[in-house]
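Taking it in order: structure first as structure tokens, then the write-up.
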Amino acid sequence: MMIQGVSIRDMINQSIAVMTKPSVSTFEEYERRGGQREAFTYVGTAAAIAAVVGLLFGLLSGIGYAILAGGVTFTAPLIGVFITGLLVYHIGKSQGGTGSQDEVYYTLSLFMAPILAINGAVGNIPLLACLALPLTLALGIYQIYLGYLGIRSSMNLEQNKAIITMVAAWIAQALIGAVIGGIVAAIAVAMGVATGSVQLGQ
């Protein structure tokens, strides 16, 4: 499968390279091989793999739950990558970064997509999710390190400014997530009240 001249196989090979030989120079070798379209296609492919697993195992709890699990598993990572890339780019710019949005998104996708595919698939299999918890935690910690290297590479930032960019992006993303979560919860309660499934106290 080709996406703007970059094949999925090439992107997988690039992911293997940056994850097995993590360094700023390794990321810089690939950061201009693709752009936002390639990044979202790659992450979307990984999310689809996780979503299919979530849908299949969600059937054990009913068709409604399965559809919800599959939908959330697919859409949440795409929204997360979009917000993360946007924050990294703009905050990095404020720190003197000179990278482009294409470089940021493509660089982030090279490690986020494979980790998403692994954690997403494993996490949706109940028993396996428990057994693989140490691996999931290890990958989460490793992703932080890869994120730091990716930010340094894609935004051309020195160590301290890359750390500031990463931490500020995390905080901003957490705040955005809290606001979105609050809105979704309020809508859910309102729908529950409207349908009578939720009774508010007098």
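According to the numbering used here, the sequence shown is numbered sequentially starting from 1315.
Note that the Cβ used here is the ideal one computed from N, Cα and C, for glycine as well.
- When DSSP states are grouped into helix, strand and coil, residue 1336 belongs to the coil group.
- In this structure, residue 1345 sits near residue 1468, with a CB-CB distance shorter than 7 Å.
- For residue 1424, the enclosing alpha helix (DSSP H) starts and ends at 1415 to 1437.
- Per DSSP, residue 1446 lies in no alpha helix (DSSP H) segment and is marked neither H nor E.
- If you draw a straight line from the Cα of residue 1478 to the Cα of residue 1408, it comes to about 11 Å.
- Cβ neighbours of residue 1418 within its own chain (closer than 6 Å, five residues either side excluded): 1399, 1402, 1403 and 1468.
- Counting along the chain, the unbroken alpha helix (DSSP H) around residue 1351 starts and ends at 1350 to 1372.
- Assigned with DSSP and collapsed to three states, residue 1463 falls in helix.
- Under the three-state reduction of DSSP, residue 1327 is assigned to helix.
- In the structure shown, residue 1471 falls within a coil segment according to DSSP collapsed to helix, strand and coil.
- Residue 1365 holds the alpha-carbon nearest to the alpha-carbon of residue 1390 among 1369, 1365 and 1405.
- Closest by C-alpha distance to residue 1396, out of 1356, 1383, 1369 and 1410, is 1356.
- In this structure, the CA atom of residue 1352 is about 12 Å from the CA atom of residue 1323.
- Straight-line measurement puts the Cα of residue 1433 at about 11 Å from the Cα of residue 1367.
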